[in-house]
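Below is one structure, written out as structure tokens, with a few remarks after it.
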Amino acid sequence: MNVNDKTYRERVFEIVRGIPAGKVMTYGQIAIILGEGYTARTVGYVMHGAEDGVPWQRVINSQGKCSTDKLTLPHSLQQGMLESEGVIFSAAGKCDLGVYQWHPAGFEPESDDQTTLFG
DNA sequence: AACTTGACGAGGG
DNA sequence: CCCCTCGCCAAGT
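Right under this line is the structure:
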């Protein structure tokens, strides 16, 4: 399995393309969904080579922060793109995953207690 | 084949 | 909240 294999990379991109604007997913979350020997690191490795119009900005780390701060990309470019989609970041550059994290159909968390929302 | 890096994650101080 | 350590998998030298 090689990150350059189209099938390998496509599985990651397929999920990322499914993230709607204003929502985010974490590297580790994507790795868990793919299962097959993927880890947060490999997903990140695949993501840094995203080119197919994949909304890479919607993939952040498990802390709710952008991992692109000190890298090739200008500081807060990713955060700025997400803010344009409505994601609110704290002064420390962190967003609330409990609010913005996207869960693909079939991989939703256990929490179904929305019945208590409005009594 | 060995060693280092890297858009990561969890745990501890 | 910041910093460090260790585990993880693939790529580049």
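Position one of the first sequence corresponds to residue 0 (numbering that gives the first Met the number 0), numbered consecutively onward. Heads up, the beta-carbon is just placed ideally off N, CA and C, and yes, glycines get one too.
Q: Given a cut-off of 8 Å, decide if W101 and V11 are closer than it, judged by their beta-carbon atoms.
A: Position 12 of the first sequence, counting from 1, holds the residue named residue 11. Position 102 of the first sequence, counting from 1, holds the residue named residue 101. No; because the gap between Cβ atoms is not below 8 Å, this pair is not in contact.
Q.
Counting beta carbon pairs with one atom in the region 76-88 and one in the region 26-34, are three or more of them shorter than 8 Å?
A. no
Q: Classify F12 as helix, strand or coil using the three-state DSSP reduction.
A: Locating residue 12 in the first sequence gives position 13, where the first residue counts as 1. If DSSP states are grouped into helix, strand and coil, F12 belongs with the helices.
Q | Length-filtered (3 minimum) beta strand (DSSP E) runs lying within the region 25-93 | A | none
Q | Cross-strand partners of V98 (DSSP beta bridge) | A | Locating residue 98 in the first sequence gives position 99, where the first residue counts as 1. Bridge partners of V98: none, in fact.
Q: Could you name the residues of the same chain whose beta carbon sits closer than 6 Å to that of L96, not counting the 5 residues immediately before and after it, in chain order?
A: Taking the first sequence and counting its residues from 1, the one referred to as residue 96 is at position 97. Taken in chain order, the residues that qualify are G63.
Q) What is the C-beta distance between C65 and G21, in whole angstroms, given that I count them as a contact (C-beta under 8 Å)? A) The residue labelled residue 65 in the question sits at position 66 within the first sequence. The residue labelled residue 21 in the question sits at position 22 within the first sequence. About 15 Å; that fails the 8 Å criterion.
Q. Between the C-alpha atoms of S61 and I14, what's the straight-line distance to the nearest angstrom?
A. On the first sequence, position 62 is the one that residue 61 refers to. On the first sequence, position 15 is the one that residue 14 refers to. Using only the alpha carbons, I get a separation of about 17 Å.
Q. Apart from the five residues on each side of it in sequence, which residues of its chain come closer than 6 Å, Cβ to Cβ, to Y37?
A. The residue given as residue 37 occupies position 38 in the first sequence. So the qualifying residues of the chain are A30.
Q. Cα separation between P19 and G34?
A. Taking the first residue of the first sequence as position 1, residue 19 is located at position 20. Taking the first residue of the first sequence as position 1, residue 34 is located at position 35. The alpha-carbon atoms of P19 and G34 are separated by roughly 22 Å.
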